[in-house]
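Take the sequence shown: its position 40, counting from 1, is numbered 68 in the numbering used here, and each next residue is one higher. Step one of this worksheet: look at the structure below.
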Amino acid sequence: MLTPEFASAAQRLLDLAREQPTAIMCAEAAYVRCHRLLVADYLTARGIEVRHIVDARRWQPHRLTPFARVEGGRVTYPALL
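Encoded structure:
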């Protein structure tokens, strides 16, 4: 998430979201076991509202991962090192 390539891809996602409702998905149903957690932390750290779709009728707001650290706009996970 600290690379220019990631920042560029995140910006493309935000550009899409400004034009229409946007979702990122994968085969993993639980976002906490998926790359969506990292993307959600990145966006949340920048003040962007992220909603996780629970089922066809419910969603929940994203909360920054407890062990994530945000410094200077950068999200890191020191506990994983």
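Glycine included, every Cβ here is placed at the ideal spot set by N, Cα and C.
Beta-carbon separation of residue i and residue j under 9 Å?
i: Thr104; j: Leu65; result: no
i: Val67; j: Ala38; result: yes
i: Gly101; j: Arg74; result: yes
State the Cα-Cα distance for the pair residue i and residue j, rounded to the nearest angstrom.
i: Asp43; j: Met29; result: 18 Å
i: Ser36; j: Ala57; result: 26 Å
i: Ala45; j: Leu109; result: 33 Å
i: Asp83; j: Met53; result: 13 Å
i: Pro32; j: Thr72; result: 18 Å
i: Ala51; j: Arg40; result: 13 Å
i: Ile76; j: Pro106; result: 23 Å
i: His63; j: Val98; result: 18 Å
If we count the other Cβ atoms within 10 Å of its Cβ and call it buried at 16 or more, is residue i buried or exposed?
i: His90; result: buried
For residue i, which residues in the same chain have their Cβ closer than 8 Å to its Cβ, ignoring the five residues on either side in sequence?
i: Phe34; result: Tyr70
Go through its chain and collect everything with a Cβ distance to residue i's Cβ below 7 Å, but skip five positions before and after it.
i: Trp87; result: Arg79, His80, Ile81
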